[in-house]
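Since the structure comes first, as structure tokens, the remarks are kept for the end.
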Amino acid sequence: MTEESNRQGSAGRILSKRPALPSGRQEWVEFLFRFQSLFGLIVVFLAAIAFSPRRDGEILFLSLVNLTNILRSVSEIGIIAIGMTFVILVGGIDLSVGSILGLAATGSAVLMVEDNFGVLPAVLLVLLIGMAFGAVQGFVSTRFAVQAFIVTLAGLQIGRGLARIWSGGQGVAISYGEGKGQAPESFSILSERVFNGLVPVPALIFFIVGAIAVFVLNKTTFSRHVYAIGGNERAARISGVPVMRVKITVFAISGMLAALAGIIHAGQLSQGSPNDGIAYELDAIAAVVVGGTSLMGGVGSVVGTIGGAIMLGVLNNILALNSIDINTQYLIKGLVIVAAAALLSLRSGDR
Amino acid sequence: MLRRVLFVLTIAGLALVLAACGGGGGGGDQGSSGGGDCEGPDGDYLIGMSQANVAEPYREVMNDDIQRAVDKVPQFEVQFADAAQDNAKQVSDVENFLTQQVDLLIISPNEAAPLTDVVARVHEQGIPVVVLDRKVNGDAYTTFIGADNFAIGEKAGQYISEELLPDGGNVVELKGLPGSTPAQERADGFRAGIEGNSGVEIVDSGVGDWLREKGQQQFEAILQSNENIDVVYSHNDPMAEGAYLAAKSVGRQGDMEFTGIDALPIPSGGIRAVEEGRLSATFVYPTGGREAVEAAKKILLQCGDVPKTQTLSTTQVTEENAEEVYAELRR
Numbered sequence: 000m001t002e003e004s005n006r007q008g009s010a011g012r013i014l015s016k017r018p019a020l021p022s023g024r025q026e027w028v029e030f031l032f033r034f035q036s037l038f039g040l041i042v043v044f045l046a047a048i049a050f051s052p053r054r055d056g057e058i059l060f061l062s063l064v065n066l067t068n069i070l071r072s073v074s075e076i077g078i079i080a081i082g083m084t085f086v087i088l089v090g091g092i093d094l095s096v097g098s099i100l101g102l103a104a105t106g107s108a109v110l111m112v113e114d115n116f117g118v119l120p121a122v123l124l125v126l127l128i129g130m131a132f133g134a135v136q137g138f139v140s141t142r143f144a145v146q147a148f149i150v151t152l153a154g155l156q157i158g159r160g161l162a163r164i165w166s167g168g169q170g171v172a173i174s175y176g177e178g179k180g181q182a183p184e185s186f187s188i189l190s191e192r193v194f195n196g197l198v199p200v201p202a203l204i205f206f207i208v209g210a211i212a213v214f215v216l217n218k219t220t221f222s223r224h225v226y227a228i229g230g231n232e233r234a235a236r237i238s239g240v241p242v243m244r245v246k247i248t249v250f251a252i253s254g255m256l257a258a259l260a261g262i263i264h265a266g267q268l269s270q271g272s273p274n275d276g277i278a279y280e281l282d283a284i285a286a287v288v289v290g291g292t293s294l295m296g297g298v299g300s301v302v303g304t305i306g307g308a309i310m311l312g313v314l315n316n317i318l319a320l321n322s323i324d325i326n327t328q329y330l331i332k333g334l335v336i337v338a339a340a341a342l343l344s345l346r347s348g349d350r
Numbered sequence: 000m001l002r003r004v005l006f007v008l009t010i011a012g013l014a015l016v017l018a019a020c021g022g023g024g025g026g027g028d029q030g031s032s033g034g035g036d037c038e039g040p041d042g043d044y045l046i047g048m049s050q051a052n053v054a055e056p057y058r059e060v061m062n063d064d065i066q067r068a069v070d071k072v073p074q075f076e077v078q079f080a081d082a083a084q085d086n087a088k089q090v091s092d093v094e095n096f097l098t099q100q101v102d103l104l105i106i107s108p109n110e111a112a113p114l115t116d117v118v119a120r121v122h123e124q125g126i127p128v129v130v131l132d133r134k135v136n137g138d139a140y141t142t143f144i145g146a147d148n149f150a151i152g153e154k155a156g157q158y159i160s161e162e163l164l165p166d167g168g169n170v171v172e173l174k175g176l177p178g179s180t181p182a183q184e185r186a187d188g189f190r191a192g193i194e195g196n197s198g199v200e201i202v203d204s205g206v207g208d209w210l211r212e213k214g215q216q217q218f219e220a221i222l223q224s225n226e227n228i229d230v231v232y233s234h235n236d237p238m239a240e241g242a243y244l245a246a247k248s249v250g251r252q253g254d255m256e257f258t259g260i261d262a263l264p265i266p267s268g269g270i271r272a273v274e275e276g277r278l279s280a281t282f283v284y285p286t287g288g289r290e291a292v293e294a295a296k297k298i299l300l301q302c303g304d305v306p307k308t309q310t311l312s313t314t315q316v317t318e319e320n321a322e323e324v325y326a327e328l329r330r
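Chain order of the listed sequences is H and L. Per numbering that gives the first Met the number 0, the first sequence runs over residues 0 to 350. Per numbering that gives the first Met the number 0, the second sequence runs over residues 0 to 330.
Dropping the structure here:
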């Protein structure tokens with residue numbers, strides 16, 4: 000029993016660095032665990048089809064509009080969760096992302112509506128703010144050896160406070176047109192759907208971000224550093240990994256992606272409000288964990304996170320479509336997260 | 000061993016999810032397509048109710064009112080969604096109702112601008128939309144049902160200046176969340192209400208953000224700096240109760256009277272506080288839940304029209320009628 004779990008554990012660590020198609024039975028089991036969120040997604044998806052309400056023989060869950068609704072609804076959390084994956088992989092956590100989302104949504108609305116910024120300058124400035132916010136948190140956490148949990152908990156408060164100050168505590172409604180008091184028409188692309196009015200723009204951005212992140216986490220030296228720090232920070236430091244620089248970078252990525260999600264949020268809802276994105280950090284962490292990334296660091300993947308985010312979205316959707324009582328919905332979602340975490344702990348039983 | 004336990008737990012969790020999905024599966028099956036033709040009393044109808052935040056007692060009472068009213072109509076079935084104060088979540092909730100092809104949407108929007116588009120989309124598809132309590136922008140909905148906060152504030156002002164302080168006196172105002180429309184309107188209405196009696200003076204005010212504990216803290220400070228307070232006008236019942244507690248802790252609760260707004264018919268609500276003598280009066284802020292289902296009956300069962308705006312009136316609750324109002328609202 001113990002020997003077996005040890006083998007699984009070490010196999011898991013090798014696999015997590017060099018993905019390959021499995022050959023033996025043992026490796027197939029590993030493969031299933033490694034992409035547990037994708038298999039979880041398939042299971043939930045099939046269950047959703049099976050239990051979907053039907054009307055006139057049509058499976059409502061499978062209607063194209065419903066499927067793209069799900070993608071749209073998970074894209075903001077998904078984008079944040081991708082950034083969160085980087086942070087969690089180095090053994091950190093970022094609680095400030097919900098507040099950064101609120102700050103970014105508020106900021107983009109204020110800049111465009113009140114300060115007459117164009118779309119591009121506003122978007123770039125807001126992304127930069129998010130990135131800087133994250134980088135500072137990474138710096139403070141590493142330089143002064145304060146746990147990321149505490150630093151980003153403070154960041155959560157500070158981000159929310161800045162957002163309130165920026166807009167005077169009010170939500171800023173975005174209407175489109177020329178001139179003062181209105182945002183440039185082109186910003187409204189974020190609330191639209193492309194390709195025959197089917198694919199929501201936020202979902203498109205989510206997948207582009209996902210593709211870039213998958214590339215970065217598989218093909219670069221940076222990714223080896225990230226996994227090395229998460230695996231054993233001291234060993235990584237001794238073997239010459241620039242720990243501080245890598246950590247600052249992952250927090251900067253997380254902050255920037257949270258800001259990106261905030262810009263999308265403002266476009267989606269025609270409003271930037273300092274109350275946007277409250278508790279989104281928890282949904283993002285849930286997506287990462289369901290996606291099979293270990294909170295201890297060193298183990299996990301962006302593909303898993305994307306699968307996890309979509310899986311939670313499908314679950315939300317099918318529970319709503321089936322008229323499940325709202326309080327029961329909270330219960331079920333909690334149980335699924337526990338189940339996913341339990342699976343993860345099965346996989347790395349020797350930790 | 001531990002692994003086996005975890006495995007069993009996991010499977011049990013999944014089974015529960017599946018069972019829950021299966022159990023509720025019947026819900027969306029009936030009902031007509033959400034099109035324009037009216038089937039009248041022979042149809043079965045699914046109503047979707049999108050609530051901004053069930054955690055607020057007022058909104059939970061609103062949901063209860065809707066459920067109770069729907070239970071009396073055999074053709075109706077209602078499904079609730081809770082946005083938990085998140086605009087994005089509420090947009091998804093409404094989209095899910097669209098997928099389910101509900102026959103009518105009731106929505107109490109979290110905020111106007113973010114929900115306007117999706118409500119318009121529902122309305123464009125020929126599905127009637129009843130907007131409750133908070134508005135959306137534009138006019139792409141069937142009917143708006145809400146109470147007039149200005150009128151409620153005015154009525155409270157008249158009660159205080161005519162019944163409690165006919166010879167004038169000092170009033171302290173406890174305000175709701177700054178920047179929120181109800182707080183502004185309840186303040187403005189109150190000033191209009193006390194205009195007729197020049198002896199009534201607002202000597203101090205505090206901001207309690209609608210919360211009992213905040214109302215208590217604020218009023219503790221106000222008690223320190225004001226010797227003569229005759230009446231506390233609070234923008235809602237919880238803050239009034241908080242102020243009462245603050246006065247009681249320094250033994251001054253007998254020197255002044257307290258009034259609130261909302262009068263929720265629940266054990267922790269303002270009506271009970273009036274019955275038990277802590278508040279002199281409170282004013283009903285109706286949820287509109289019952290009226291929303293009435294509107295649904297008119298639209299779906301009678302194929303008739305409803306007015307674009309329905310403004311609900313308040314009821315003054317004092318010791319004399321408290322029990323009666325409580326029973327009436329729970330009916």
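Quick reminder that beta carbons are idealized off the backbone N, C-alpha and C, glycines included. Keep in mind it's a predicted model, so treat the numbers as computed, not measured.
Query, Result
"Can you check whether the C-beta of F79/L is within less than 7 Å of a C-beta belonging to chain H?", "yes"
"Would you mind working out which of F149/L, E219/L, Q215/L, A291/L sits nearest D63/L, comparing C-alpha positions?", "A291/L"
"Report yes or no: do the stretch 50 to 65 of chain H and the stretch 100 to 117 of chain H share at least 3 C-beta pairs separated by less than 8 Å?", "no"
"Output the distance between the C-alpha atoms of V215/H and G82/H, rounded to the nearest integer angstrom.", "12 Å"
"Kindly list the residues whose CB is nearer than 8 Å to the CB of N136/L, restricted to its own chain and excluding five residues on each side of it in sequence; keep chain order.", "A111, A112, T115"
"For V64/H, go through chain L and note every residue whose CB falls closer than 9 Å to its CB, in chain order.", "E94, L97, T98"
"Of all the alpha helix (DSSP H) runs that stay within the bounds of the stretch 169 to 207 of chain L, which reach a length of 4 or more residues?", "180 to 192"
"Using a C-beta cutoff of 7 Å, does N52/L count as contacting chain H?", "no"
"Since Y44/L contacts L299/L with CB under 8 Å, what's their CB separation in whole angstroms?", "5 Å"
"Any chance the stretch 146 to 166 of chain H sits against the stretch 259 to 278 of chain H, with 3 or more Cβ pairs inside 8 Å?", "yes"
"Among the residues of its own chain, which have a CB less than 8 Å from the CB of L100/H, if the five just before and after it don't count?", "E75, I79, A257, A258, A260, G261, H264, D275, G276, Y279"
"For D28/L, is the classification buried or exposed, using 16 other Cβ atoms within 10 angstroms of its Cβ as the cut-off for buried?", "Annotation note: pLDDT 36 at D28/L (below 50); position unreliable, no value reported."
"Rounded to whole angstroms, what is the Cα-Cα separation between T304/H and S72/H?", "15 Å"
"So the beta strand (DSSP E) D261/L belongs to, where does it begin and stop?", "256 to 261"
"Cβ of A210/H within 6 Å of any heavy atom in the ligand ZN?", "By its list of ligands, the structure shown contains no ligand whatsoever, and the ligand ZN lies outside what it can speak to."
"Give the residues of chain L in contact with R163/H, contact being defined as C-beta atoms less than 9 Å apart.", "Within chain L, no residue comes near R163/H; the closest Cβ sits about 11 Å away, beyond 9 Å."
"Report all residues from its chain with a CB closer than 8 Å to the CB of V122/H; omit the five preceding and five following residues, and keep chain order.", "S107, I262"
"If we cut at 7 Å on Cβ distances, does A112/L have a partner in chain H?", "yes"
"Which chain L residues sit within Cβ distance under 8 Å of L320/H?", "G27, N95, T98, Q99"
"Give me whichever residues DSSP pairs with S49/L in a beta bridge.", "A80/L, I106/L"
"Should the stretch 38 to 50 of chain H be regarded as contacting the stretch 167 to 178 of chain H, the criterion being three or more beta carbon pairs within less than 8 Å?", "no"
"Cβ of E153/L within 7 Å of Cβ of G192/L?", "yes"
"From what residue to what residue does the alpha helix (DSSP H) around T141/L run?", "From DSSP, T141/L is part of no alpha helix (DSSP H); its letter is neither H nor E."
"If you check the beta carbons only, do V249/L and A242/L fall under 7 Å apart?", "no"
"Answer with buried or exposed for D85/L, where buried requires no fewer than 16 other C-beta atoms within 10 angstroms of its C-beta.", "buried"
"Classify I41/H as buried or exposed, calling it buried when 16 or more other Cβ atoms lie within 10 Å of its own Cβ.", "exposed"
"Threshold first: 4 residues or longer. Then list the alpha helix (DSSP H) segments lying entirely within the stretch 286 to 313 of chain L, N to C.", "288 to 295"
"Does chain H have any CB closer than 7 Å to the CB of N86/L?", "yes"
"Would you mind sorting I106/L into buried or exposed? The rule is 16 or more other CB atoms within 10 Å of its CB.", "buried"
"Given this structure, state the Cα-to-Cα distance separating L152/H from I237/H, to the nearest angstrom.", "30 Å"
"Whole angstroms is fine: what's the gap from D261/L's alpha carbon to F189/L's?", "15 Å"
"Give the secondary structure of G22/L by DSSP, where H, G and I count as helix, E and B as strand, and everything else as coil.", "Since pLDDT at G22/L reaches only 41, below the 50 mark, its modelled position is unreliable, and the value read off the structure follows with that caveat. If DSSP states are grouped into helix, strand and coil, G22/L belongs with the helices."
"According to DSSP, T281/L sits in a beta bridge with which residue or residues?", "G259/L, V316/L"
"Which residues in chain L have a C-beta closer than 8 Å to the C-beta of L59/H? List them in chain order.", "G27, T98, Q99, Q100"
"Looking at the strands, I want to know which residues DSSP matches up with G271/H.", "V171/H"
"For F75/L, which of helix, strand or coil comes out of DSSP?", "strand"
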